[in-house]
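Asker: Residue 427 is where the sequence shown starts when you use my numbering, and the numbers rise one by one after that.
We treat Cβ as the ideally placed atom computed from N, Cα and C, and that holds for glycine.
Because the structure is a prediction, the values reported are computed rather than measured.
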Amino acid sequence: MIEIIFLGTSCMQPTKERNHPGVLLTYEGENILFDCGEGIQRQMKIAGIKPAKITKLLITHWHGDHVLGIPGLMQTMGASEYEKKLHIYGPEGTKEYIKNMMKAFVSEGTIDFEVHEVKERIIFENDMFILECLPLQHATKTVGYSFIEKDKRRINTSYVKKLGIPDGPLLGKLQNGKDIEWKGKKISADDATIIVKGKKVSYVLDTMICNNAVELAKDADLLICEASYTKAMRDKAEEYKHLTGEEAATIANRANVKELYLTHFSQRYKNTDEIEENAKDVFPNVKCAKDFMKVKL
């Protein structure tokens with residue numbers, strides 16, 4: 427199961443209700459943090475999330491509202507005796523930014539980490555999932571990300587029970603896509619299992635509408651997308667290379683996503699009703715995220 431928690435849903439400035447950007451995706455022992463705005467570790471504490479559980483940090487770009495929480499988070503992870511290696515992903519220039527950041531503070535208990543500068547397509551893959559990225563169009567080098575769960579095989583219980591195949595290694599082989607022999611007959615994995623389609627979550631923040639935003643989100647089960655402004659402030663969105671709620675919904679519509687969650691709201695809005703209404707005119711299955719909102723897939 428994939429669980430997502432919104433740790434921060436504000437834009438350049440935090441508000442009383444909304445923190446700087448940050449989204450945590452949890453899956454099979456992986457805890458992947460998308461962006462790390464100021465105050466994220468405090469948000470994690472409120473949500474009952476231990477910083478030492480973070481395995482990957484995915485940075486969209488180096489504007490302060492997306493990265494000012496990194497030094498404090500890493501310091502806390504060190505104080506928590508973090509035993510893993512933190513893998514940090516970000517656009518070109520990330521290695522230099524991290525290097526300068528580490529020089530700016532007197533750090534104790536520094537954790538082991540590795541920085542990966544990414545450009546496009548697959549940036550990580552294991553047996554369970556893939557991470558992809560594509561460049562977006564913002565005022566600085568920016569990338570969006572997709573988490574793609576791999577398809578799984580589930581045992582067709584009625585089929586194997588009819589054949590009398592017992593629990594154990596044979597079922598394990600079938601689930602791994604391997605044919606077996608049972609009572610002198612060849613049993614096909616395709617017949618004995620059902621393919622369960624993997625889920626896809628895409629994260630598109632700080633960009634104008636562009637082909638890569640649509641491509642990255644293509645057929646996603648869940649798109650997390652910025653909507654900094656209302657439709658009435660489209661000129662302001664264009665000036666600062668951000669999206670309105672209507673434009674975020676247009677991306678979702680073009681990309682054929684199932685659900686859209688909006689985030690990264692300008693601090694000027696006391697509520698997000700108008701942004702959500704603008705979006706629903708284009709794509710009905712949309713919600714405006716709030717800090718600490720959880721979504722399960």
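From which residue to which residue does the beta strand (DSSP E) around Y687 run?
Answerer: Position 261 of the sequence shown, counted from the first residue, corresponds to residue 687. E685 to T689 is the extent of the beta strand (DSSP E) around Y687.
Asker: If G603 and A615 are in contact, beta carbons under 8 Å, what's the gap, nearest whole angstrom?
Answerer: The count along the sequence shown starts at 1 and reaches residue 603 at position 177. The count along the sequence shown starts at 1 and reaches residue 615 at position 189. Yes, they are in contact, since the Cβ atoms of G603 and A615 sit about 5 Å apart, within 8 Å.
Asker: Name the residue from T486, W488, H487 and K471 whose alpha carbon lies nearest to the alpha carbon of I480.
Answerer: Looking up residue 480 in the sequence shown gives position 54. Ranking the options by Cα distance to I480, first place goes to K471.
Asker: For K476, I'd like the list of residues in its chain whose CB is within less than 8 Å of its CB, leaving aside the five on either flank, ordered along the chain.
Answerer: The residue you call residue 476 lines up with position 50 of the sequence shown. Excluding positions up to five away in sequence, the list reads M470 and S506.
Asker: Check whether the region 527-541 touches the region 587-598, counting contact only when three or more Cβ pairs, one atom from each stretch, lie closer than 8 Å.
Answerer: The region 527-541 is not in contact with the region 587-598.
Asker: According to the neighbour-count rule (16 or more other Cβ atoms, all chains shown, within 10 Å of its Cβ), is I621 buried or exposed?
Answerer: For the purposes of this step, residue 621 is taken as residue 195 along the sequence shown, with counting starting at 1. When all chains shown are included, I621 counts as exposed.
Asker: If you compare alpha carbons, which of I581, A675 and Q501 is closest to V708?
Answerer: Residue mapping note: residue 708 aligns to position 282 of the sequence shown, counting from 1. Ranking the options by Cα distance to V708, first place goes to A675.
Asker: Tell me the rounded alpha-carbon separation between S584 and Y453.
Answerer: Reading the sequence shown from its first residue, position 158 is the one you call residue 584. Reading the sequence shown from its first residue, position 27 is the one you call residue 453. About 29 Å.
Asker: Quick check on M659: buried or exposed, where buried means 16 or more other Cβ atoms within 10 Å of its Cβ?
Answerer: Start at 1 with the first residue of the sequence shown, and residue 659 comes out as number 233. M659 should be labelled buried.
Asker: Which runs of the alpha helix (DSSP H) spanning at least 4 residues fall entirely within the region 563-615, listed in chain order?
Answerer: Counting only runs of 4 or more, we get 583-589 and 595-601.
Asker: Going by beta-carbon coordinates alone, are V630 and L600 separated by less than 8 Å?
Answerer: Within the sequence shown, residue 630 is the residue found at index 204, counting from 1. Within the sequence shown, residue 600 is the residue found at index 174, counting from 1. Not closer than 8 Å, so no.
Asker: Work out the CA separation of P561 and E522 for me, nearest whole Å.
Answerer: Position 96 of the sequence shown, counted from the first residue, corresponds to residue 522. Position 135 of the sequence shown, counted from the first residue, corresponds to residue 561. Roughly 19 Å separates the two Cα atoms.
Asker: Let me confirm a value: P710 is counted as buried when at least 16 other C-beta atoms fall within 10 Å, else exposed. Which label applies?
Answerer: In the sequence shown, residue 710 corresponds to position 284, counting from 1. Classification for P710: exposed.
Asker: With DSSP run on the structure shown, which of helix, strand or coil describes I496?
Answerer: Walking along the sequence shown from the start, residue 496 turns up at place 70. DSSP places I496 in helix when its eight states are reduced to three.
Asker: For K442, which of D461, G465 and V449 has the nearest alpha-carbon?
Answerer: Position 16 of the sequence shown, counted from the first residue, corresponds to residue 442. Closest by alpha carbon: G465.
Asker: Give the single residue among K657, T502, G516 and C714 whose Cα lies nearest to the Cα of F550.
Answerer: If you number the sequence shown from 1, residue 550 lands on position 124. Nearest C-alpha to F550: G516.
Asker: Taking the continuous beta strand (DSSP E) assigned at E641, which residues delimit it?
Answerer: Indexing the sequence shown from 1 puts residue 641 at position 215. Careful: E641 lies outside any beta strand (DSSP E), inside the alpha helix (DSSP H) at N637 to A643.
Asker: For T520 and K567, I'd like the C-alpha separation in whole angstroms.
Answerer: Counting from one through the sequence shown, the residue named residue 520 turns up at place 94. Counting from one through the sequence shown, the residue named residue 567 turns up at place 141. So the alpha carbons of these two residues sit roughly 10 Å apart.
Asker: Given a threshold of 16 other Cβ atoms within 10 Å of its Cβ, counted over all protein chains shown, does P440 qualify as buried or as exposed?
Answerer: The residue given as residue 440 occupies position 14 in the sequence shown. Buried, by the Cβ-count rule.
Asker: Just to confirm, is the Cβ distance from L494 to Q467 under 8 Å?
Answerer: Looking up residue 494 in the sequence shown gives position 68. Looking up residue 467 in the sequence shown gives position 41. Contact: no.
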